[in-house]
Amino acid sequence: MSRFIDLYVEQAVIGGIMLAAGRADGADMATDAIEGLTEDHFTATPHKVALRSYKRLNESGSKIDLLTLTSDLEQLGVLESAGGFAYLAECSKNTPSFANLAAYCEKLREMYLGRRMTLALQVGIQKLSEPTTEGIADIIGNIQADISGIEHSADYGTEHITTGIDMSLETIQSIISGDIWKHKTELGMATIDSAFGGFNNTDFIVVGGRPGMGKTMFSTTVTETVGLKNKKPVLFFSLEMPVEQISERVAFHRARVSKEDLLSKVSGKMDEAWGKVSHCMRSSSTLQSTSMTSHP
Numbered sequence: 001m002s003r004f005i006d007l008y009v010e011q012a013v014i015g016g017i018m019l020a021a022g023r024a025d026g027a028d029m030a031t032d033a034i035e036g037l038t039e040d041h042f043t044a045t046p047h048k049v050a051l052r053s054y055k056r057l058n059e060s061g062s063k064i065d066l067l068t069l070t071s072d073l074e075q076l077g078v079l080e081s082a083g084g085f086a087y088l089a090e091c092s093k094n095t096p097s098f099a100n101l102a103a104y105c106e107k108l109r110e111m112y113l114g115r116r117m118t119l120a121l122q123v124g125i126q127k128l129s130e131p132t133t134e135g136i137a138d139i140i141g142n143i144q145a146d147i148s149g150i151e152h153s154a155d156y157g158t159e160h161i162t163t164g165i166d167m168s169l170e171t172i173q174s175i176i177s178g179d180i181w182k183h184k185t186e187l188g189m190a191t192i193d194s195a196f197g198g199f200n201n202t203d204f205i206v207v208g209g210r211p212g213m214g215k216t217m218f219s220t221t222v223t224e225t226v227g228l229k230n231k232k233p234v235l236f237f238s239l240e241m242p243v244e245q246i247s248e249r250v251a252f253h254r255a256r257v258s259k260e261d262l263l264s265k266v267s268g269k270m271d272e273a274w275g276k277v278s279h280c281m282r283s284s285s286t287l288q289s290t291s292m293t294s295h296p
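Residue numbers (full-length UniProt numbering): 1 to 296.
Given below as C-alpha cells:
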C-alpha cells in the first residue's frame, strides 16, 4: 500500500493551491484542484483538514492564502489538526511552483485509485478464503463489479468548457462534410437516422410497443447495423428468446428471406431462400465482433 502513498505529493498539492490561488494566472488552476479533489485523495489528516478549509473558503468566495487558511482553521479550532501555521507555511515554501499543480493532482488521483484497487482485491481474496454459503461465481462477480466501479470513477472529473465547445464544433464540421458517422452511431433505419442525425454513445434508448409490433425486429436490426456495419461491439440480452432464435432472426434479416420462404412448398422458392441464407452465413465472418448473450 505504501507504493500508493506519497506525503511529498500531498504537501505539494496543499502548497500548490496556496501559491496558485494568489496569482491571476493560477486562480483557475487552484479552483480546479479544490473542486476536483476530495479528502479521500489524501492519506494524512493535516492535508484532509486543510482541503476541507480550502473548500469552505472557495465556496464563500474568500481569498485563499496562508493567512486566510490558518484563520479559518483557527476559528474552527482545528489549526493544530492541520499541522499548525509552521507546517502549512512549510508546505507552501517547499512547493517549487504552482505550474505543476495539475500534475500533482493527477498523481494524487492515481495513487488513490491504486489504494482502492488494492483494498478491493484484498477484500475479494479474504472472501474467497473464508467459508461461506455464497457461490464462487457470485463472489467473483462482486469483485469484478467493485473493480469496474473503480475504473469508471477514473473517467470522471472537471473539464474546461472550451473542451466541450471544440468537440461540438468538430461534430458540426463532420455533419457539414458528410462524415457524421465518425462521431455518431447509425441504427440502420434511414428515416430514424436522418431524423435524429445519429445517436451518441451515452444515449439511452427505450423501445416500447404492443406484442407483434416489431420490437424484436427493431432491436436485432440495430444489433446488426451497430455490430456488423459499424464494427462496434454489441451485447444483446433477451429474457424470452434463446440465442438460436435471436441469431436466426439476424441471419434471416441479413439474407432478406422469411421463415416461410425456407419452408415453402413452391418449386425453387425454398432452394433460393436457403441459398441466400448460406451465402449470408459464409460472408458473415464479422459476426465474431457481435456478441449475443441470451438469458432465460
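Glycine residues also receive a C-beta, built at the ideal position from the N, C-alpha and C atoms.
### Query
Hey, which unbroken runs of the alpha helix (DSSP H) at 4 residues or more fall wholly within the region 58-117?
66-75 and 84-94
### Buried or exposed by the 16-neighbour rule on C-beta atoms within 10 Å, applied to PHE42
buried
### Query
When the Cβ atoms of the region 6-18 are set against those of the region 85-102, are three or more pairs found closer than 8 Å?
yes
### Task
Would you mind reading off the limits of the beta strand (DSSP E) that contains VAL234?
234-236
### Message
For a quick check, are the C-beta atoms of VAL222 and GLY188 less than 8 Å apart?
### Response
yes
### Task
From the DSSP output, read off the bridge partner residues of residue 326.
Shown here, the chain extends from 1 to 296; a query on residue 326 therefore has no answer.
### Task
Verify whether the separation of the beta carbon atoms of ALA82 and VAL49 is less than 8 Å.
yes
### Query
Do you know whose CA, among MET213, VAL78, GLN144 and LEU7, lies nearest CYS105's CA?
LEU7
### Task
Could you say if the region 62-73 and the region 84-92 meet the contact criterion of at least three C-beta pairs nearer than 8 Å?
yes
### Task
Using the Cα positions of HIS279 and SER247, report the straight-line distance between them to the nearest angstrom.
15 Å
### Message
Tell me the residue span of the alpha helix (DSSP H) that contains ALA44.
### Response
Neither: ALA44 is in no alpha helix (DSSP H) and is coded neither H nor E.
#### Entry: Rounded C-alpha distance that separates MET18 from GLN75
19 Å
### Query
In the DSSP assignment, what are the bridge partners of PHE252?
PHE252 is not bridged to any residue.
#### Entry: Through-space distance from MET270 to SER264, alpha-carbon basis
5 Å
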